[in-house]
Each structure stands twice: as structure tokens, then as C-alpha cells.
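Q: Each residue of the sequence shown is one higher than the one before, starting from 27 at the first, in the numbering used here.
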Amino acid sequence: MAVNARQKVILRTMGIPVWAAHRDIPGQKKDNESTEQLFEPETERPITPEIRREASQELEQKTEQKTEQKTEQNRALRADQKIERAPADSWSLLQDQVNGCTNCELNLSRTNPVFGVGNKQASLMIVGEAPGHDEDLKAEPFVGEAGHVLDQMLFSLGLSRYDVYIANIIKCHPPNNRKPLASEIEACSDYLLRQINLVKPRLILTVGAVSTKKLLHSRELISELRGKVFTHQESSIPLVPTYHPAYLLRKPTEKRTVWRDLLLVKKMMAES
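1) Does the distance from the CB of V284 to the CB of V266 come in under 8 Å?
2) Pair every Cβ in the region 247-262 with every Cβ in the region 152-162, then say whether three or more of these pairs are closer than 8 Å.
3) Quick one: using the 10 Å Cβ neighbour count with 16 as the cut-off for buried, is D115 buried or exposed?
4) I need the DSSP call for A193, collapsed to helix, strand or coil.
5) Determine contact between the region 264-278 and the region 227-245, defined as no fewer than three beta-carbon pairs at a distance below 8 Å.
6) Does the region 158-174 come close enough to the region 206-223 to have 3 or more Cβ pairs within less than 8 Å?
7) In the DSSP assignment, find the unbroken alpha helix (DSSP H) run with G173 in it and report its ends.
8) Rounding to the nearest angstrom, what Cα-Cα distance links Q91 and R79 in this structure?
9) Alpha carbons only, please: which of G173, Y217, K146 and Q147 is nearest the one belonging to V159?
10) Under the assumption that L180 contacts P271 (Cβ atoms under 8 Å), give the Cβ distance between them as a whole number of angstroms.
11) Helix, strand or coil for L150, going by three-state DSSP, please let me know.
12) How many angstroms separate the CA atom of M295 from the CA atom of T137?
13) Please report the distance separating the alpha-carbon of L331 from that of H199.
14) Pull up the CB-CB distance for C214 and I195, whole angstroms please, since I reckon it's below 8 Å.
15) Provide the residue(s) that pair with L258 in DSSP beta bridges, ordered along the chain.
16) Kindly indicate which three-state DSSP category T74 falls into: helix, strand or coil?
17) Could you please give the first and the last residue of the uninterrupted alpha helix (DSSP H) stretch that includes T283?
18) With the cut-off set at 8 Å, would you say V124 and R187 are in Cβ contact?
19) Which whole-angstrom value describes the C-beta separation of P278 and A148, a residue pair presumed to lie in contact below a C-beta threshold of 8 Å?
20) If you check the beta carbons only, do L183 and L288 fall under 8 Å apart?
21) Would you mind reading off the limits of the alpha helix (DSSP H) that contains T242?
22) Could you tell me which residues DSSP pairs with V143 in its beta bridges?
23) Can you tell me where the alpha helix (DSSP H) with S215 in it begins and where it stops?
24) State the Cα-Cα distance for the pair T128 and E84, rounded to the nearest angstrom.
25) Please report how far the alpha carbon of H243 lies from the alpha carbon of L163, in whole angstroms.
26) As a quick exercise: from S135, G126, E76 and K293, pick the residue whose alpha carbon is nearest that of N202.
27) If you measure from the CB of E155, is any heavy atom of the ligand SAM nearer than 7 Å?
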């Protein structure tokens with residue numbers, strides 16, 4: 027097969043000698059000649075800068091193509107291995123990971139991680155902000171005064187806390203009952219998403235600005251968001267925001283507003 031000038035440059039660059047048929051040998055070799063004598067290194071011919079440049083570009087292109095192919099093969103192999111190694115998610119696995127979590131500094135000050143409570147196959151899931159002091163001690167969400175208000179809210183729907191599933195945006199108590207930092211919320215976000223995926227509720231009720239804004243990826247005020255129906259983007263589950271029970275302790279006049287939100291929840295649960 028004939029080799030053109032550009033290909034010769036590529037072969038020489040790769041350290042491969044170019045051989046050609048000996049010009050002094052006719053079509054058939056002589057009896058006393060070995061096969062090795064029939065070929066000799068091809069005589070060097072002048073190679074123009076243009077040919078050399080084209081050859082260099084072609085060599086680089088082929089090298090890049092091989093590198094890309096190898097990268098794709100490695101990426102596909104890692105993906106297959108990841109799928110094979112990934113265990114099926116479960117409540118026990120998730121709770122063990124939360125109990126041993128060190129994703130943020132709240133693990134250094136917590137007494138207990140507050141995982142969640144209630145019916146793990148509930149139609150309604152309630153998502154709050156963060157554990158308070160009482161929740162930190164008992165490892166259960168909404169057990170203080172705000173928890174008593176939440177129980178009253180559920181009672182108005184004909185439910186108890188054991189009919190629904192209750193969780194928080196973050197699982198550890200922030201010191202001095204401060205609001206959770208954005209970094210703390212982000213560190214805990216995967217746990218809540220996995221809880222939602224495990225429960226598979228028909229409706230999510232967010233209580234308070236922190237949980238509402240996080241699940242809706244919104245910066246609007248809770249007063250602008252409450253009482254409306256949204257869709258949780260990651261799970262495609264309908265979501266209704268309302269005020270936090272602790273806010274009702276500070277401002278009891280808003281209980282009537284929350285009652286209207288709960289009527290919307292009750293209507294949606296009846297229709298779904």
C-alpha cells in the first residue's frame with residue numbers, strides 16, 4: 027500500500043521507519059536472496075513545511091480522538107461500577123447515615139439528630155425548619171409548644187401526628203435556636219429529599235419560610251407563598267405552604283389564615 031508524504035512524517039514522528047521495495051530488485055527475487063534483502067529503508071525525500079504542518083495536525087487530531095474514546099470508556103465503566111455498587115435506599119440505611127452525619131458543624135453541638143416521625147407511608151408529609159431545644163433532647167420533631175400547635179392543626183384535619191410523616195429541613199439543633207445557615211441546609215438537603223422519595227406522599231405541607239423557600243427554590247416571602255398550590259420540583263409532588271406553628275404562638279391572630287390553608291390541604295387530600 028502506497029504511503030503519502032504526510033503519512034510518512036506521522037510514522038517517523040512515532041518512531042516507525044518507512045520501508046520501500048528495493049529499486050534494484052526486479053519483480054521476482056533471486057533464489058539466493060532472503061526476504062529481508064528485498065526491502066530497505068526508503069530514501070529520505072524533501073518534506074515541505076506545509077506537509078510537516080499538516081502531518082503534525084493530523085497526528086494531534088488522532089491522538090485527541092483516541093484520548094476522548096478512552097475517557098468515554100473509562101467514564102462508562104465507572105458509571106456501571108457505581109450502579110452495581112449503589113445499595114437500594116432504605117429507612118434503616120438513611121437513619122444510620124443521619125445518626126453518623128458530620129456534614130456540618132452542628133453535629134458537634136447536637137444532643138441527638140432529629141430524623142423524623144410518623145407514618146412512613148403517609149399521604150401527607152409535613153416539613154418544618156429545624157429542631158428546637160426540646161426536639162434536640164427527645165430526638166423527635168415538634169414536641170414543644172410549637173408541636174402542640176401542630177397537633178391542633180392536624181386535629182382540625184381529622185389527623186394525628188402518627189397519620190402523617192413529619193420531618194425538618196435540617197436534622198440537628200442550631201445553637202440558641204438560631205435559624206439554620208444556608209450551608210447547613212445544603213449539607214442536609216439530600217436526607218430530606220430521600221425521605222420524601224421513601225414516603226412518596228400525595229401532598230407536602232411546608233410550615234414556615236425556611237422549609238418553603240428551600241423546597242420551592244424561592245426567595246419570596248412566606249406571606250406571598252402561603253395558601254397556594256405549587257409542585258415540588260424534585261419529586262413532582264403538590265406542595266402547599268403555610269405559617270410555622272411557632273409563628274402562631276407569637277401571633278395568634280394568624281390562626282384564621284392558617285385555617286384557610288388547612289382547608290385547601292383537606293380539599294386536595296380528598297380529591298387526590
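Think of the CB as a built atom: it goes at the ideal place given N, C-alpha and C, for glycine as much as any other residue.
A: Judging by the given coordinates:
1) As a first step, residue 284 is located in the sequence shown; it is residue number 258 there, counting from the start. As a first step, residue 266 is located in the sequence shown; it is residue number 240 there, counting from the start. No, the Cβ-Cβ distance between V284 and V266 is not below 8 Å.
2) With fewer than three CB-CB distances shorter than 8 Å, the region 247-262 does not count as touching the region 152-162.
3) To locate residue 115, count along the sequence shown from 1; it is residue 89. Classification for D115: exposed.
4) As a position in the sequence shown, residue 193 is number 167, starting the count at 1. The DSSP-derived three-state label of A193 is strand.
5) Yes: the two stretches touch, three or more of their Cβ pairs being nearer than 8 Å.
6) They do not touch, by the three-pair rule.
7) The sequence position of residue 173 within the sequence shown is 147, counting from 1. Here the alpha helix (DSSP H) through G173 covers E171 to S182.
8) For this step, residue 91 is matched to residue 65 along the sequence shown. For this step, residue 79 is matched to residue 53 along the sequence shown. Here the alpha carbons of R79 and Q91 stand approximately 18 Å from one another.
9) Taking the sequence shown and counting its residues from 1, the one referred to as residue 159 is at position 133. The identity of residue 159 in the sequence shown is His, whereas the question assumes Val. If you compare the alpha carbons of G173, Y217, K146 and Q147 with that of H159, the shortest gap goes to G173.
10) As a working mapping, residue 180 is identified with position 154 in the sequence shown. As a working mapping, residue 271 is identified with position 245 in the sequence shown. Not really, about 10 Å apart at Cβ, beyond 8 Å.
11) For the purposes of this step, residue 150 is identified with residue 124 of the sequence shown, where counting begins at 1. In this structure, L150 counts as strand in the three-state DSSP scheme.
12) For the purposes of this step, residue 295 is taken as residue 269 along the sequence shown, with counting starting at 1. For the purposes of this step, residue 137 is taken as residue 111 along the sequence shown, with counting starting at 1. Distance between the alpha carbons of M295 and T137 is about 36 Å.
13) There is simply no residue 331 to check, as the chain begins at 27 and stops at 298 in what is shown.
14) The sequence position of residue 214 within the sequence shown is 188, counting from 1. The sequence position of residue 195 within the sequence shown is 169, counting from 1. Contact between C214 and I195 holds, since their C-beta atoms are separated by about 7 Å, short of 8 Å.
15) Mapped onto the sequence shown, residue 258 falls at position 232. For the sequence presented, residue 258 should be read as His rather than Leu. DSSP output for H258 lists I263 as bridge partner(s).
16) Translated into positions along the sequence shown, residue 74 becomes position 48. When secondary structure is reduced to three states using DSSP, T74 falls in the coil class, being assigned neither helix nor strand.
17) Along the sequence shown, one-based indexing puts residue 283 at 257. Boundaries of the alpha helix (DSSP H) harbouring T283: K281 to E297, taken from the DSSP string.
18) For this step, residue 124 is matched to residue 98 along the sequence shown. For this step, residue 187 is matched to residue 161 along the sequence shown. The answer is no: Cβ separation not under 8 Å.
19) Here residue 278 refers to the residue found at position 252 when the sequence shown is read from its first residue. Here residue 148 refers to the residue found at position 122 when the sequence shown is read from its first residue. The C-beta distance from P278 to A148 rounds to 28 Å, too long to fall under 8 Å, and the pair is not in contact.
20) For this step, residue 183 is matched to residue 157 along the sequence shown. For this step, residue 288 is matched to residue 262 along the sequence shown. Going by C-beta atoms, L183 is nearer than 8 Å to L288.
21) For the purposes of this step, residue 242 is taken as residue 216 along the sequence shown, with counting starting at 1. Looking at the sequence shown, residue 242 is not Thr but Leu. Boundaries of the alpha helix (DSSP H) harbouring L242: A235 to L242, taken from the DSSP string.
22) Taking the first residue of the sequence shown as 1, we reach residue 143 at position 117. V143 pairs with I192.
23) Along the sequence shown, read from residue 1 onward, the residue named residue 215 stands at position 189. Per DSSP, S215 belongs to the alpha helix (DSSP H) from A208 to V225.
24) Along the sequence shown, one-based indexing puts residue 128 at 102. Along the sequence shown, one-based indexing puts residue 84 at 58. Answer to the nearest angstrom: the Cα atoms are 51 Å apart.
25) Working through the sequence shown from its first residue, we reach residue 243 at position 217. Working through the sequence shown from its first residue, we reach residue 163 at position 137. Approximately 31 Å, taken between the alpha carbons.
26) Taking the sequence shown and counting its residues from 1, one reaches residue 202 at position 176. Among S135, G126, E76 and K293, the Cα nearest to that of N202 is on S135.
27) Of the ligands one can find in the structure shown there are none, so the ligand SAM has no counterpart to examine.
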